[in-house]
């Protein structure tokens with residue numbers, strides 16, 4: 005049995021105040037993309053997890069393994085399966101790779117055992133694993149509130165082609181980025197309502213003008229190379245270039261796949277630093 009686990013970008017990310025539980029209130033528009041990990045499942049004596057393409061532990065510290073334990077908690081079904089994940093989504097990149105895998109494990113286990121959980125129950129179970137996991141259950145285009153676990157479906161985004169770029173050796177601590185943002189006394193907040201309105205009116209031009217990320221400025225200040233990467237994308241033909249999540253992945257939006265492929269090659273020629281580069285597009289909701 006096979007399941008795809010798409011990554012995500014943020015079309016809008018507004019960060020509110022830090023809450024008593026340590027999380028921040030957020031108001032985001034989250035969007036699935038075609039860059040995805042592949043999860044396969046087969047019968048086994050006990051639960052085991054392996055991964056290709058990532059040097060990650062395959063124990064309870066791994067969100068995918070944790071998802072299998074959460075599935076057992078919600079269903080009283082002890083998974084006796086081997087789960088293998090082929091990684092394509094970059095690690096520690098602001099693309100929800102770990103959350104996507106956790107959601108994918110919940111979905112594939114639910115299918116394998118005859119769908120004991122409804123979509124709503126899967127999303128509730130996902131919230132126990134991490135803030136981005138509920139979004140990754142269904143994907144598509146969604147508004148996320150609370151700490152990111154409260155979802156509202158939005159009209160599908162127009163098909164947006166992009167180049168994703170991440171310095172291979174660079175990871176960014178989400179917690180450190182949020183702490184840095186807490187220290188900023190005055191800042192302009194993302195207008196998530198404007199992004200939602202553009203989606204509701206199917207206005208691509210307006211949508212591009214509303215894309216914004218409250219975390220971008222503090223991350224770019226900490227990592228100047230990302231600002232140079234963003235500027236290069238715009239100089240080389242991207243209509244919009246923005247950081248996803250807490251970074252460090254930057255995505256440049258272009259009009260079509262051919263243009264995206266050209267931009268990818270130009271970026272490879274421009275930067276001597278080892279960059280992870282992929283062409284991707286937005287994806288509609290995929291939960292079945």
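Residue numbers (this note's numbering): 5 to 292. Where a beta carbon is used, it is the ideal one built from N, C-alpha and C, also for glycine.
- In the three-state reduction of the DSSP assignment, residue 178 falls in the helix class.
- Distance from the CA of residue 147 to the CA of residue 16, rounded to the nearest whole angstrom, comes to 9 Å.
- A residue is called buried once 16 or more other Cβ atoms fall within 10 Å of its Cβ, and residue 55 is buried on that count.
- Distance from the CA atom of residue 127 to the CA atom of residue 140, rounded to whole angstroms, is 9 Å.
- Burial is judged here by how many other beta carbons sit within 10 angstroms of a residue's own beta carbon; residue 41 has at least 16 and is buried.
- Excluding sequence positions up to five before and after residue 67, its CB lies within less than 7 Å of the CB of 102, 103, 105, 106, 133 and 134, all in the same chain and listed in chain order.
- Under the DSSP definition of a beta bridge, residue 256 partners with 167 and 245.
- Boundaries of the alpha helix (DSSP H) around residue 73: 67-79.
- Boundaries of the beta strand (DSSP E) around residue 47: 28-47.
- Under the DSSP definition of a beta bridge, residue 18 partners with 31.
- One thing to note: residue 251 has its Cβ within 9 Å of the Cβ of residue 176.
- If you compare the alpha carbons of 179, 181 and 78 with that of residue 130, the shortest gap goes to 78.
- By the criterion of at least three beta-carbon pairs nearer than 8 Å, the segment 82-90 is in contact with the segment 38-53.
- Here the alpha carbons of residue 71 and residue 222 stand approximately 32 Å from one another.
- The Cβ-Cβ distance between residue 36 and residue 261 does not fall below 9 Å.
- Here residue 203 is near residue 33, since their CB atoms are less than 9 Å apart.
- According to the DSSP assignment, residue 155 belongs to the beta strand (DSSP E) that extends over 154-157.
- Around the beta carbon of residue 277, fewer than 16 other beta carbons sit within 10 angstroms, so the residue counts as exposed.
- Setting aside the 5 residues that flank it on each side, residue 198 is surrounded in the same chain by 214, each with a C-beta closer than 7 Å to its C-beta; the list follows chain order.
- Contact check for residue 241 and residue 208: beta-carbon distance about 17 Å, past the 8 Å limit, so the pair fails to qualify.
- By the Cβ-count criterion, residue 194 is buried, with 16 or more other Cβ atoms from all chains shown falling within 10 Å of its own Cβ.
- Counting only runs of 4 or more residues that sit fully inside the segment 181-217, the alpha helix (DSSP H) segments are 196-204 and 208-214, in chain order.
- Sorting 99, 38 and 227 by C-alpha distance to the C-alpha of residue 174 places 227 at the top.
- For residue 55, the enclosing beta strand (DSSP E) stretches over residues 52-56.
- Counting only the Cα atoms, residue 5 lies some 31 Å from residue 249.
- Judged by DSSP in its simplified three-state form, residue 281 adopts strand.
- As a beta-bridge residue in DSSP terms, residue 147 pairs with 33 and 156.
- Note on residue 12: 16 or more other CB atoms within 10 angstroms of its CB, so buried under the neighbour-count rule.
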